[in-house]
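Chemist: For the sequence shown, my numbering begins at 1 and goes up steadily by one.
C-beta: ideal position from N, C-alpha, C; glycine also.
Just so we're clear, the structure is a prediction, and the values are computed from it rather than from any experiment.
Have a look at this one.
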Amino acid sequence: MIDEHNIVKVGMADLNVVQNSGIIRTTGLGSCVGVTLYDPALKIGGMAHVMLPSSDIAREGTLNIAKYADTAIPALLEQLQKLGANKERIVAKMAGGSQMFTFAGSGDSMRIGPRNVESCKQKLEQLGIPVLAEDTGGNYGRTIEMDCNTGILFVRSVQMGVKEL
Numbered sequence: 001m002i003d004e005h006n007i008v009k010v011g012m013a014d015l016n017v018v019q020n021s022g023i024i025r026t027t028g029l030g031s032c033v034g035v036t037l038y039d040p041a042l043k044i045g046g047m048a049h050v051m052l053p054s055s056d057i058a059r060e061g062t063l064n065i066a067k068y069a070d071t072a073i074p075a076l077l078e079q080l081q082k083l084g085a086n087k088e089r090i091v092a093k094m095a096g097g098s099q100m101f102t103f104a105g106s107g108d109s110m111r112i113g114p115r116n117v118e119s120c121k122q123k124l125e126q127l128g129i130p131v132l133a134e135d136t137g138g139n140y141g142r143t144i145e146m147d148c149n150t151g152i153l154f155v156r157s158v159q160m161g162v163k164e165l
């Protein structure tokens, strides 16, 4: 059983980091994407709960950098590097990006999940961070949890049970 006291929770449009053997978790990934970055040598990890693909569409007064793929991933990388992580060792895993609803003739604007996945992959590629594993797409929600001692990403869903990435 997991000790709930050692779990760092990441909310929607949020990000956080863990060092020294902790668990980092986010729930409610539908069209959102959970992106994890991990330095296996130092066992430092971080997670972002990305809601939207690009901050170009931001309408809020103060930009929430954790909300958008193009701003959350660089911010998460920066936090890990402040803890001593080496960018050359950092690897990524991701889950989510479901197409939760189908709209007839709605075009690209309603493909939020797939667009979130594409934007996250594009930003990781720009930063030179390899994506080791992913569980994206589909039409169901997920909860993800990364064990920073091992780097294993556990993906839970009602429909698919538990997967280890």
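By Cβ distance below 8 Å, which residues in the same chain neighbour glycine 168 in space, the five residues on each side in sequence not counted?
Modeler: No statement about residue 168 is possible, as the shown extent of the chain runs from 1 to 165 and does not include it.
Chemist: Among the residues of its own chain, which have a CB less than 6 Å from the CB of leucine 83, if the five just before and after it don't count?
Modeler: Gln19 and Ile44
Chemist: Per DSSP, which residues does aspartate 147 bridge with? Please list them.
Modeler: Ile23
Chemist: In terms of alpha-carbon separation, which member of Ala69, Asp39, Leu153 and Leu80 lies closest to glutamine 126?
Modeler: Ala69
Chemist: Excluding sequence positions up to five away, which residues of its chain have a Cβ less than 6 Å from the Cβ of alanine 75?
Modeler: Ile65
Chemist: Which class does arginine 111 belong to by DSSP, given the choice of helix, strand or coil?
Modeler: coil
Chemist: Report yes if the C-beta distance between isoleucine 129 and leucine 37 is below 8 Å; otherwise report no.
Modeler: yes
Chemist: Going by beta carbon distance, what residues of the same chain come within less than 6 Å of lysine 93, once the five residues before and after it are set aside?
Modeler: Thr36, Leu132, Ala133, Leu153 and Leu165
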